[in-house]
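With the first letter of the sequence shown counted as 1, position 136 gets the number 135 in numbering that gives the first Met the number 0; the numbers rise by one all the way through.
Here a beta-carbon is modelled for each residue, glycine too, at the ideal position from N, C-alpha and C.
These notes are about the structure you will find just below.
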Amino acid sequence: MTHRASVVISVDFERRWGLHHRLGFNLAAYREHLENVQPVVSALLEMFAARNIRATWAAVGALACRDWDEYFARAPRPPRYQNPALAISPRYAELDRTGELHFAPELLRAIHATPGQELGTHTFSHVLMREPGVTADDITADLGAVSCLWRERFGAPPVSLVFPRNQVAFLPVIRACGIRVWRGNEPGWYYDCNESSTNRPLARGRRLLDAINPRVRHARAVEDDMTRASLFLRTNLPAAAWALHCARIRNELDALRPPQVFHIWWHDHNLGAAVRQRLGRVEQVCDMVAERCLRRLLVSQSMGDLLEEPALAPADTPPVRS
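Structure representation (structure tokens):
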């Protein structure tokens, strides 16, 4: 148990699984970002290890599959989304025959082998839980597929979950599937959206203003089995905006007090273009965290580490949706 405030880093590791509903069948779109995921993940693991930074990698379960044959053998029936474009199409197997944009078993093994790194989950097939048509049975089958694969490959099922597109739902169901800690959204209506509303200009603009406002405070104590997100790391900002973003992070870190948790997150593919610059910016943030940890002002933790805290004892919480 720690008596210091905590910094949690979670990486939504999804490759193309988290983007198919936006990119469609155009495999050339966003390809540079996706092809660079392998060196990005390797660099992040080295960076975290050198600074004793602990992190949760919320991985889409399908990434652990070796190829499309294994994926289709393991994947449950996809949800019957009201919007059919949200479903995984078998056509992706024809367009990405080698699976280089969809599978990364060697990277998951590297994460699992790196001390301080936790393999959480982002569901098996990036299921969007608040979209019409998704049922509790869909979630049970999906998380069951992840648990089975994680046991086979990594010795234990995942206990940490990041909801795809941050669509928090089915809390009693995920708990029944063995999830013990999950990432919640930052406070504000513009963070708690479904797929259609989260990309509205007003919501996107409001989130950007938060990111570059040095006075915003989003750190919170752990709430039952939820660790609320505090900040999405925007490594693609212009230099002036990045300076404000860093000021926001620095101010949050210096204002942290026990039992607060400052929870930073990003996607693997966010660093896939201008790789050197964006990794350098992640390093800048990691240095801020590591320096304060060395001074024993803060402690670096994964989502799973929070399970050791009294704040995560079981509690009766109203379901968001079931």
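Environment of residue i [buried if 16+ CB atoms lie within 10 Å]
i       : result
Ser-41  : exposed
Asp-68  : exposed
Arg-81  : The identity of residue 81 in the sequence shown is Gln, whereas the question assumes Arg. Its Cβ having fewer than 16 others within 10 Å, Gln-81 is exposed.
Asp-304 : buried
Glu-185 : buried
Pro-98  : This sequence places Gly at residue 98; Pro is not what is there. Buried, by the Cβ-count rule.
Ala-314 : Low confidence applies here, because Ala-314 scores a pLDDT of 34, under 50, leaving its location unreliable and the question unanswered by this model.
Gly-204 : exposed
Arg-21  : exposed
Leu-201 : exposed
Leu-94  : exposed
Asp-136 : exposed
Arg-129 : buried
Asp-141 : buried
Gly-271 : buried
Beta-bridge partners of residue i, as assigned by DSSP
i       : result
Gln-116 : Ala-54
Met-302 : Its beta-bridge partners do not exist; DSSP assigns none.
Gln-394 : In the structure displayed, the chain extends from 0 to 321; residue 394 sits before or after that span and is not available.
His-266 : Asp-11
Phe-231 : Trp-264
Leu-278 : In the DSSP output, where bridge partners are listed per residue, Leu-278 has none listed.
Val-6   : Phe-261, Ser-299
Ser-159 : Val-180
Met-225 : Trp-181, Glu-222
C-beta atoms of residue i and residue j nearer than 8 Å
i       : j       : result
Leu-208 : Trp-181 : no
Ala-228 : His-262 : yes
Leu-118 : Ala-175 : no
Thr-324 : Val-172 : What is shown of the chain runs 0 to 321, which leaves residue 324 out entirely.
Leu-62  : Leu-127 : no
His-19  : Tyr-91  : yes
Arg-206 : Tyr-189 : yes
Asn-35  : Val-274 : yes
Gly-60  : Leu-148 : yes
Cys-64  : Pro-104 : yes
Gly-177 : Thr-226 : no
Arg-256 : Asp-224 : no
Val-133 : Leu-306 : no
Leu-230 : Gln-116 : no
Ser-146 : Pro-131 : no
Ala-54  : Ile-8   : yes
Cβ-Cβ separation, residue j to residue i (assumed contact under 8 Å), whole Å
i       : j       : result
Trp-16  : His-101 : 7 Å
Leu-297 : Val-10  : Not quite, the Cβ-Cβ distance comes to about 19 Å (not below 8 Å), so this is no contact.
Arg-79  : Arg-295 : Between Arg-295 and Arg-79 the Cβ distance is about 52 Å, and since that is not below 8 Å, they are no contact.
Ala-144 : Phe-123 : 4 Å
Ala-220 : Val-167 : The Cβ separation is near 18 Å, so there is no contact.
Trp-244 : Glu-13  : A small correction: the amino acid at residue 244 is His; Trp does not occupy that position in the sequence shown. 23 Å between Cβ atoms; not a contact.
Thr-234 : Arg-277 : 4 Å
Arg-232 : Trp-264 : Per the sequence shown, residue 232 should be read as Leu rather than Arg. Between Trp-264 and Leu-232 the Cβ distance is about 7 Å, and since that is below 8 Å, they are a contact.
Pro-75  : Ile-87  : Not quite, the Cβ-Cβ distance comes to about 11 Å (not below 8 Å), so this is no contact.
Ser-301 : Val-288 : Contact flag wrong, Cβ pair sits at about 13 Å.
Arg-211 : Ala-240 : Residue identity differs from the one stated: residue 211 is Ile in this sequence, not Arg. Contact holds; Cβ gap of about 5 Å.
*Could you tell me whether the segment 34 to 51 touches the segment 275 to 292, using the rule of 3 or more Cβ pairs below 8 Å?*
At 8 Å Cβ cutoff, the stretches touch.
*Say whether the segment 286 to 295 touches the segment 90 to 108, bearing in mind that this needs 3 or more beta-carbon pairs closer than 8 Å, one atom from each stretch.*
Short answer: they don't touch.
_Meets three-Cβ-pair contact criterion under 8 Å: the segment 239 to 251 and the segment 208 to 220_ = As far as the Cβ criterion goes, the segment 239 to 251 touches the segment 208 to 220, which means the pair count is three or higher.
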